[in-house]
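Undergrad: What follows is a single structure, and I will ask about it in a moment.
Number of protein chains: 2
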Amino acid sequence: MWHLYICSGDPIFLEQFWMQNEAYSSVLIPGWHRMSYRYVDYTLMSTELEYYIRKLHSIVGNAVTEGRYMVFGVGSSQLLTAALYALSSENSSSPSNVLATIPYYPMYKSQTVLFNSENFDFRGDTNSWQSNTSTNNLDVIEFVTSPNNPDGELKKPIIGGKTIYDHAYFWPHFTPIPGPSDRDLMIFTLSKLTGHAGVRFGWAIIKDKDVYEKFLNYIMVADLGISKDTQLRVLKLLKVAIKDDGKPLFQLAYNLMRERWDRLTSVLSKSTRFSVQQRHPLHCNFFNETRLPSPAYAWIKCEKEEDDDCGAMLEEGKIISRSGSFFSAKDRYSRLSLIKSQDDFELLIQRFTELVSLENDSIETM
Amino acid sequence: MWHLYICSGDPIFLEQFWMQNEAYSSVLIPGWHRMSYRYVDYTLMSTELEYYIRKLHSIVGNAVTEGRYMVFGVGSSQLLTAALYALSSENSSSPSNVLATIPYYPMYKSQTVLFNSENFDFRGDTNSWQSNTSTNNLDVIEFVTSPNNPDGELKKPIIGGKTIYDHAYFWPHFTPIPGPSDRDLMIFTLSKLTGHAGVRFGWAIIKDKDVYEKFLNYIMVADLGISKDTQLRVLKLLKVAIKDDGKPLFQLAYNLMRERWDRLTSVLSKSTRFSVQQRHPLHCNFFNETRLPSPAYAWIKCEKEEDDDCGAMLEEGKIISRSGSFFSAKDRYSRLSLIKSQDDFELLIQRFTELVSLENDSIETM
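Protein chains in written order, with the working numbering: chain X, 4 to 369; chain R, 4 to 369.
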């Protein structure tokens, strides 16, 4: 029996939707199309695409975009760093302190380390920072991931300095949308919205004009703008996404995620060894009803004291997950991706069922 | 009479070729295509595209690719910075010194300044560095741009430390190809090869395995790889580019550039006020004959002592060029782009002819 890699966040779960909508979602790009660095209005970003992104947010009700600026980037990945450059004070004698709350997405750290900039330093967890620091007057930039990757929680800032809201998962298929996010700097990505990770497209919504201009300058100097083919494709995909006020896409995506959670929690209900994060119902303005969240990831905890490497426990059942330490948490936790293909999910349930039945067998034979 | 902006390096000159080849060069991308971050072989880069790039270099004879590694990036822009990260020593207590030779492409400096990394510092011109530095044992990374932007010269390293060869313009339409470049780190871009600047695609050819791995890690952490749509489109374009051993594309592109140079030098031959860089014939292995270079840019010099702002002189004729200081050179020089559309070029010749005739009128009236 081979290993099932359910560790990465590759969002293949919506492939089925795009196959059903092939007739509307394909793009044809002629060889002579968009050869220039810039559009005719001399911008690097398609104003039509920007219009559709604003329309999408207004339909979903997950972000305030009126009177805000927008910048496109190579996935949300590039925008995370661009945001650090835009928010850190270049004239300061000491670098800005970059923080996140454990468990956090490891790219915040690995990017900050890679760039090794004099403008900012990664300082790790907000909670240990708070307890070690007497003054709150220091220059802090905090990543707030809401819903959080890996545990799906709707996070709030801990420190209260400058914040970067990573809203990659703030869509109705993963979480009830209690209302539009109204933050100074919000980052979204196509990957977890439509499932097109390979397209590499994200956008930032920015309140402050100076921050916007530094942001734009970063994208300009780093890459001379982002691919026009990508922008054309994203435009086509978003036109499909907002059809019938987004109902077909989000209803299908939500049903799929809810079914996966129902099946996973049903298996886990028979286990005393493994547990999963608590989910709390919230009113979703988009679906206009109270619902449980159905996060992209299951954050599994191994409950027995001796099982302090939960990833290794899952690997016994040939399930390769992403260990807690990857997110600067304890290895008693491990992340399972629920946004992979249906085949991968079926296999996950099958193997988890076997793992749990072994657990019950061993109880019976005790 | 409005101003003619002939300052940017936007390469629209080959639009005509791609319109003629529309039937072969269009791509259709279905909505469900390449949703994953990775290809089935788990790489971020299309191996088929890599195969075609190697094939292209072997046809053109401009770069050794056997036994070398390849990394794709968001234009050559992103690869310039990736190269600095890959070559600078992260464990060193002092940053690597980044140098280029005046006149140089300003992105080398603006990127280094933007990233403000502890790994490297931009130190400006190789020649002033040489005269100010007693020891050559310092950690130096030198950008060697060949042919050079702005002046089209085939440059060689001045310092002789670690080098990044920027070969954006090393194609048979801009310069005779004396033989394959065989350097440790070479960067190419689609922009000046096929004219698709908006696609944002470049590649690096790398000799050393460690450098390659650091390079790949940079692209992975900064952006989680590059757009799959872009890779698909580039594949289609390169298949057209190498048709009939590249003869249709490079013959058309060369004829176009040679005609532009012939017409420009014909106008300039009547001027004592403006001159342009010397061009020296070389044997081109690709076309198998000795030819003059036909660079992407004309590097105009104002010859009169009082005309120390050549960009301002050109602006009198409603021609907006890019001033020498943009390239850290004197403003006695200014760069004109010869790779813009045919309409722009026709207008350039018309306005230059008027400027030169004014010059001759004023001589006659003296």
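Note that the Cβ used here is the ideal one computed from N, Cα and C, for glycine as well.
Give me the chain R residues within the contact set of X:D13, using Cβ-Cβ distance strictly less than 9 Å, ordered along the chain.
TA: Along the first sequence, one-based indexing puts residue 13 of chain X at 10. Neighbours of X:D13 on chain R, chain order: M38, S39, Y40 and R41.
Undergrad: Assuming X:R251 contacts X:F177 under a Cβ cut-off of 8 Å, what Cβ separation, rounded to an integer in Å, is found between them?
TA: By 1-based counting over the first sequence, the position of residue 251 of chain X is 248. By 1-based counting over the first sequence, the position of residue 177 of chain X is 174. Reading the sequence as shown, one finds Pro at residue 251 of chain X and not Arg. Contact doesn't hold; Cβ gap of about 17 Å is too wide.
Undergrad: Using a Cβ-Cβ distance under 9 Å, would X:K231 count as near chain R?
TA: For the purposes of this step, residue 231 of chain X is taken as residue 228 along the first sequence, with counting starting at 1. Yes, contact with chain R.
Undergrad: By Cβ distance below 6 Å, which residues in the same chain neighbour R:G12 in space, the five residues on each side in sequence not counted?
TA: Walking along the second sequence from the start, residue 12 of chain R turns up at place 9. Result list for R:G12: S340, in chain order.
Undergrad: Any beta carbon from chain R within less than 9 Å of X:T390's own beta carbon?
TA: It is not possible to answer for residue 390 of chain X, since the shown part of chain X is limited to 4 through 369.
Undergrad: Which word fits X:Y336, buried or exposed, when buried means at least 16 other C-beta atoms lie within 10 angstroms of its C-beta?
TA: By 1-based counting over the first sequence, the position of residue 336 of chain X is 333. Buried: at least 16 other Cβ atoms inside 10 Å.
Undergrad: Note the first and the last residue of the continuous alpha helix (DSSP H) segment covering R:T233.
TA: Locating residue 233 of chain R in the second sequence gives position 230, where the first residue counts as 1. Where R:T233 is concerned, the enclosing alpha helix (DSSP H) stretches over K231 to A244.
Undergrad: Considering Cα atoms alone, identify which of X:Y40, X:I56 and X:F125 is closest to X:L240.
TA: For the purposes of this step, residue 240 of chain X is taken as residue 237 along the first sequence, with counting starting at 1. Considering only alpha carbons, the answer is X:I56.
Undergrad: If contacts are defined as beta-carbon pairs under 8 Å, then X:S49 and X:L196 qualify, I think. What distance do you get, rounded to the angstrom?
TA: By 1-based counting over the first sequence, the position of residue 49 of chain X is 46. By 1-based counting over the first sequence, the position of residue 196 of chain X is 193. With a Cβ gap of about 17 Å, X:S49 and X:L196 do not count as contacting.
Undergrad: Between X:S28 and the rest of its own chain, which residues show a CB-CB distance below 7 Å, the 5 nearest in sequence each way excluded?
TA: For the purposes of this step, residue 28 of chain X is identified with residue 25 of the first sequence, where counting begins at 1. W21, K239, L240 and V243.
Undergrad: Would you kindly work out how many angstroms separate the C-alpha atoms of R:E51 and X:D347, rounded to a whole number?
TA: Taking the second sequence and counting its residues from 1, one reaches residue 51 of chain R at position 48. Taking the first sequence and counting its residues from 1, one reaches residue 347 of chain X at position 344. Looking at the two C-alpha atoms, the distance is approximately 27 Å.
Undergrad: In whole angstroms, give me the CA-to-CA distance for R:W264 and X:G205.
TA: By one-based count along the second sequence, residue 264 of chain R stands at place 261. By one-based count along the first sequence, residue 205 of chain X stands at place 202. Taking the straight line joining both Cα atoms gives about 42 Å.
Undergrad: Can you tell me whether R:A315 is helix, strand or coil according to DSSP?
TA: In the second sequence, residue 315 of chain R corresponds to position 312, counting from 1. R:A315: helix per DSSP, three-state reduction.
Undergrad: CA-CA distance, X:D334 and X:Y108?
TA: Taking the first residue of the first sequence as position 1, residue 334 of chain X is located at position 331. Taking the first residue of the first sequence as position 1, residue 108 of chain X is located at position 105. Cα to Cα, X:D334 sits roughly 15 Å from X:Y108.
Undergrad: Determine the DSSP secondary structure at R:G76, reduced to helix, strand or coil.
TA: Against the second sequence, residue 76 of chain R aligns to sequence position 73. R:G76: strand per DSSP, three-state reduction.
Undergrad: Can you confirm whether R:N220, when its beta carbon is compared against all beta carbons of chain X, has any partner nearer than 9 Å?
TA: Position 217 of the second sequence, counting from 1, holds the residue named residue 220 of chain R. Output row for R:N220: interface = yes.
Undergrad: For X:T192, which beta-bridge partners are listed by DSSP?
TA: Position 189 of the first sequence, counted from the start, is the residue given in the question as residue 192 of chain X. For X:T192, which the question treats as bridged, DSSP gives the partners X:G205.
Undergrad: Whether or not the region 317-334 of chain X and the region 253-261 of chain X are in contact is what I'm after, with contact meaning three or more pairs of Cβ atoms, one per stretch, closer than 8 Å; do they touch?
TA: Not touching, per the Cβ criterion.
Undergrad: Mind checking the region 113-126 of chain X against chain R and listing, in chain order, the residues whose C-beta falls within less than 9 Å of any C-beta there?
TA: Answer in chain order: S113, Q114, V116, L117, F118, N119, S120, E121 and N122.
Undergrad: Does the distance from the CB of R:L117 to the CB of X:N220 come in under 9 Å?
TA: Against the second sequence, residue 117 of chain R aligns to sequence position 114. Against the first sequence, residue 220 of chain X aligns to sequence position 217. Result yes, Cβ atoms of R:L117 and X:N220 sit closer than 9 Å.
Undergrad: What span of residues does the alpha helix (DSSP H) with X:D265 cover, start to end?
TA: For the purposes of this step, residue 265 of chain X is taken as residue 262 along the first sequence, with counting starting at 1. It spans K250 to L271 - the alpha helix (DSSP H) in which X:D265 sits, taken as one unbroken run.
Undergrad: Suppose the cutoff is 7 Å on Cβ atoms and the five residues either side in sequence are ignored; what does the same chain contact list for R:D312 look like?
TA: Counting from 1 along the second sequence, the entry for residue 312 of chain R is found at position 309. For R:D312, where only same-chain residues beyond five positions count, the Cβ hits under 7 Å are D334.
Undergrad: Which residues in the same chain as R:E319 place their Cβ atom closer than 8 Å to its Cβ, once the five residues preceding and following it in sequence are excluded?
TA: Working through the second sequence from its first residue, we reach residue 319 of chain R at position 316. The answer, listed in chain order, is L358.
Undergrad: Under the rule that 16 or more other beta-carbon atoms within 10 Å means buried, what is R:W132, buried or exposed?
TA: Taking the first residue of the second sequence as position 1, residue 132 of chain R is located at position 129. Burial call: buried.
Undergrad: How would you list, in chain order, the residues of chain X whose beta-carbon sits under 8 Å from the beta-carbon of R:V30?
TA: Position 27 of the second sequence, counted from the first residue, corresponds to residue 30 of chain R. Result: L31 and I32.
Undergrad: Determine the direct distance from the alpha carbon of R:K217 to that of R:L47, and round the result to whole angstroms.
TA: Taking the second sequence and counting its residues from 1, the one referred to as residue 47 of chain R is at position 44. Taking the second sequence and counting its residues from 1, the one referred to as residue 217 of chain R is at position 214. Going by the C-alpha atoms only, they are around 15 Å apart.
Undergrad: Just grab the DSSP bridge partners of R:R325 for me.
TA: The sequence position of residue 325 of chain R within the second sequence is 322, counting from 1. Paired residues: R:R338.
Undergrad: Check for me: the alpha helix (DSSP H) holding R:M168 runs from which residue to which?
TA: By one-based count along the second sequence, residue 168 of chain R stands at place 165. According to the sequence provided, residue 168 of chain R is Tyr. The question's Met does not apply to it. Per DSSP, R:Y168 belongs to no alpha helix (DSSP H); it is in the beta strand (DSSP E), K165 to D169.
Undergrad: Distance check for R:T115 and R:V147, CA to CA, integer angstroms please.
TA: Within the second sequence, residue 147 of chain R is the residue found at index 144, counting from 1. Within the second sequence, residue 115 of chain R is the residue found at index 112, counting from 1. Roughly 16 Å between the two C-alpha positions.
Undergrad: Since X:W35 meets chain A, which of its residues come closer than 8 Å, beta carbon to beta carbon?
TA: This model lacks chain A altogether, as its protein chains are X and R.
Undergrad: R:N130: which of R:P160, R:L361 and R:N363 sits nearest, CA to CA?
TA: The sequence position of residue 130 of chain R within the second sequence is 127, counting from 1. Among R:P160, R:L361 and R:N363, the Cα nearest to that of R:N130 belongs to R:P160.
Undergrad: Within a Cβ cutoff of 7 Å, which residues of the same chain sit near R:N24, ignoring the five residues on either side of it in sequence?
TA: In the second sequence, the residue the question calls residue 24 of chain R occupies position 21. Answer for R:N24: V243, listed in chain order.
Undergrad: For R:G314, return the contacting residues in chain X, with the cut-off set at a CB-CB distance below 9 Å.
TA: Here residue 314 of chain R corresponds to residue number 311 of the second sequence, with the count starting at 1. Simply none; closest approach about 20 Å.
Undergrad: Using a Cβ distance threshold of 8 Å, determine whether the region 277-285 of chain X contacts the region 201-215 of chain X, with at least three qualifying pairs required.
TA: Short answer: they don't touch.
Undergrad: Compute the distance between the beta-carbons of X:Y168 and X:N151, then report whether it is under 9 Å.
TA: The count along the first sequence starts at 1 and reaches residue 168 of chain X at position 165. The count along the first sequence starts at 1 and reaches residue 151 of chain X at position 148. No; because the gap between Cβ atoms is not below 9 Å, this pair is not in contact.
Undergrad: For X:H6, which residues from the same chain have a beta carbon less than 7 Å from its beta carbon, with the 5 sequence-adjacent residues on both sides left out?
TA: Taking the first residue of the first sequence as position 1, residue 6 of chain X is located at position 3. K321 and I323, listed in sequence order.
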